Amino acid sequence: MQPQQGFQKIALQGVRHIVAVASGKGGVGKSTVAANLALALQMNGRRVGLLDADIYGPSVPTMMGIGPVDPQTTPFPITKYGLKLMSIGFLPDAGRGVLLRGPMVAKYITMFLTQVDWGNLDVLLIDMPPGTGDAQLSIGQTVVVSGAVIVTTPQEVSVVDARKALNMFGELRVPVLGTIENMSYFVGDDGKRYEIFRHGGGNKLAQDNNVPFLGEIPIDPKVAECGDAGEPIVQRYPHNVVSKAYLQLAATLLQRLSERETPQELPAVQL
Amino acid sequence: MTAAENSLRPVSLRRDGDRLVIEWSDGFRGSISLTNLRAACPCAGCNEKRQAPPDPFRVLSDKELQAGVPMPVAMPARGSYAYQIVWNDGHDSGIYKLELLRELCESSPVQ
């Protein structure tokens, strides 16, 4: 599979909503949120796809337990746990690392959006890479995104970059559906709630930017354990407190999406 | 950017002779001459040329001479926020945000 140049017809007619999961900052758990949110949306009865747009550091293969495949014999997207999945990490040699300049990143992302047969989906989640650069611009220029959810951890150092992501979506005219506070708190064996990374950054970000606060996700060692085992916590322990938070989050997100019309493409120009 | 500005979008765009006529969602209709549109190309290369001091010895290239009046040959939408213009001289790196198109339109309202 090699990126192609030029204008391409977007093969996403069967996708009702494209939702970007972004943060601006790395390490806040975007990919974990995206993977678990995708499963939670599916458990809410929706047809869901997950596109890993992190070309330099793909996480979906590890989190979903899928190694590199032979693209000559394996059709994309790959289906697992009922989700349609695509990541550069599925391609051979991706584990060695990818040294690419921005234009090549853009071509890969465009290829994943336009050449992968996503079929009919209610929601295609895009696990965005950190930052506000080529990958984000490529997505904003290639497809009409229904909305973005901004993931942050509670502390200010994360909120600062999340705010940049929020502003970027404003520039791209992508509505922000809301913010999520990940790693929000930890519930100990004593039943007490510990706010390890402080608290309230996600809600503050939402209030400061007049967007909804979608919810908070607690931190739990099982989340990392499940992610490394290739079976996200929502799939493996659906009754865990973290999984319940994701299910609630999915319901809230679906409510937000239902309140919005399916986004319209810009009109064609008569030349 | 305010919510009202963000919701402003074109409802139709068509070329009329040497102008691009755009009708907007707030009912405003404006036009931009294709020469001005080409001159306002927001790409990095054109921005740099605009900022450079004028070169009195600049000679038009064969390609520029053959292209004649600037004419868009394609104008695909880019996501929800912009149009890319492919010009008849082959230049195609300009992504025109809707805000820029509106700004260019406002100096020439169409009745």
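Listed in order, the protein sequences are those of chains A and B.
Heads up: the first sequence begins at 1 in the numbering used here, then just goes up one per residue.
Heads up: the second sequence begins at 272 in the numbering used here, then just goes up one per residue.
Ideal Cβ positions, reconstructed from N, Cα and C, are used throughout, including at glycine.
This structure is a prediction, so every number in the text was calculated from the model and none was measured.
| Query | Result |
| --- | --- |
| Counting only the same chain and skipping the five closest in sequence on each side, list residues whose C-beta sits under 8 angstroms from that of proline 313(B). | Gly365, Ile366, Tyr367, Lys368, Leu371 |
| Could you tell me which of Ala106(A), Gln270(A), Gly170(A) sits nearest to aspartate 134(A), measuring between CA atoms? | Ala106(A) |
| Proline 281(B) CB to nearest chain A CB: under 8 angstroms? | yes |
| If you draw a straight line from the alpha carbon of valine 160(A) to that of proline 154(A), how long is it in whole angstroms? | 11 angstroms |
| At a cut of 8 angstroms, does the segment 165-185 of chain A reach the segment 341-351 of chain B through at least three beta carbon pairs? | yes |
| Are alanine 224(A) and glycine 178(A) touching if we call contact CB-CB under 8 angstroms? | no |
| Please confirm if arginine 163(A) has its CB atom under 8 angstroms from at least one CB of chain B. | no |
| Pull the bridge partners of glutamate 216(A) from the DSSP assignment, please. | Glu181(A) |
| Thinking just about the alpha-carbon of each residue, which of Lys80(A), Leu91(A), Leu50(A) is nearest to the one in valine 69(A)? | Leu91(A) |
| CB arginine 16(A) to CB threonine 262(A), shorter than 8 angstroms? | yes |
| What number of angstroms, rounded off, separates the C-alpha of valine 330(B) from the C-alpha of serine 302(B)? | 30 angstroms |
| Using a Cβ-Cβ cut-off of 8 angstroms, state whether serine 332(B) counts as contacting chain A. | no |
| Can you check whether the C-beta of arginine 273(A) is within less than 8 angstroms of a C-beta belonging to chain B? | The shown model of chain A, from 1 to 271, leaves out residue 273(A), and the question about it has no answer. |
| How would you label leucine 336(B), buried or exposed, when you count the other beta carbons within 10 angstroms and need 16 or more for buried? | exposed |
| DSSP state of tyrosine 246(A), grouped into three classes? | helix |
| Measure how close the beta-carbons of leucine 12(A) and leucine 50(A) come, nearest whole angstrom, since I'm counting them as under 8 angstroms. | No, leucine 12(A) and leucine 50(A) are not in contact; Cβ-Cβ is about 14 angstroms, not under 8 angstroms. |
| Take arginine 193(A) and list the residues in its own chain whose beta-carbon comes closer than 7 angstroms to its own, dropping the five residues that flank it on each side. | Tyr185, Val187 |
| Beta carbon of leucine 41(A), beta carbon of valine 123(A): below 8 angstroms? | yes |
| Taking C-alpha atoms, which residue in Val292(B), Gly288(B), Asp287(B) lies nearest to arginine 373(B)? | Val292(B) |
| Taking just the CA atoms, how far does aspartate 117(A) sit from valine 33(A)? | 24 angstroms |
| Starting from proline 103(A) and walking both ways along the alpha helix (DSSP H), at which residues does that stretch end? | 102-114 |
| Note down, in chain order, every chain B residue with its Cβ under 8 angstroms from the Cβ of glutamate 259(A). | Near glutamate 259(A) there are no residues of chain B at all, since even the closest Cβ is about 15 angstroms away, more than 8 angstroms. |
| Taking a cut of 9 angstroms between CB atoms, which residues from the segment 138-157 of chain A lie near chain B? | Ile139, Gly140, Gln141, Thr142, Val143, Val144, Val145 |
| According to the Cβ coordinates, are alanine 22(A) and isoleucine 150(A) closer than 8 angstroms? | yes |
| Taking 8 angstroms as the threshold (C-beta atoms), are arginine 309(B) and serine 281(B) in contact? | What sits at residue 281(B) in the sequence shown is proline, not serine. No; because the gap between Cβ atoms is not below 8 angstroms, this pair is not in contact. |
| Tell me which same chain residues have a C-beta within less than 8 angstroms of the C-beta of valine 157(A), skipping the five on either side of it? | Lys25 |
| Looking only at its own chain, which residues have a Cβ that is under 6 angstroms from the Cβ of asparagine 209(A), when we skip the five neighbours before and after it? | Leu166 |
| Applying a beta-carbon distance threshold of less than 9 angstroms, which residues of chain A neighbour leucine 371(B)? | Neighbours of leucine 371(B) on chain A: none; closest Cβ ~12 angstroms, over 9 angstroms. |
| Grab the span of the beta strand (DSSP E) containing glutamate 370(B) for me, first residue to last. | Element bounds for glutamate 370(B): not the beta strand (DSSP E) but the alpha helix (DSSP H), 369-377. |
| Output needed for leucine 257(A): all residues of its chain with C-beta closer than 6 angstroms, excluding positions within five of it in sequence on either side, in chain order. | His17 |
| Thinking glutamine 136(A) and methionine 128(A) are a contact (beta carbons under 8 angstroms), I'd like their distance in whole angstroms, please. | 6 angstroms |
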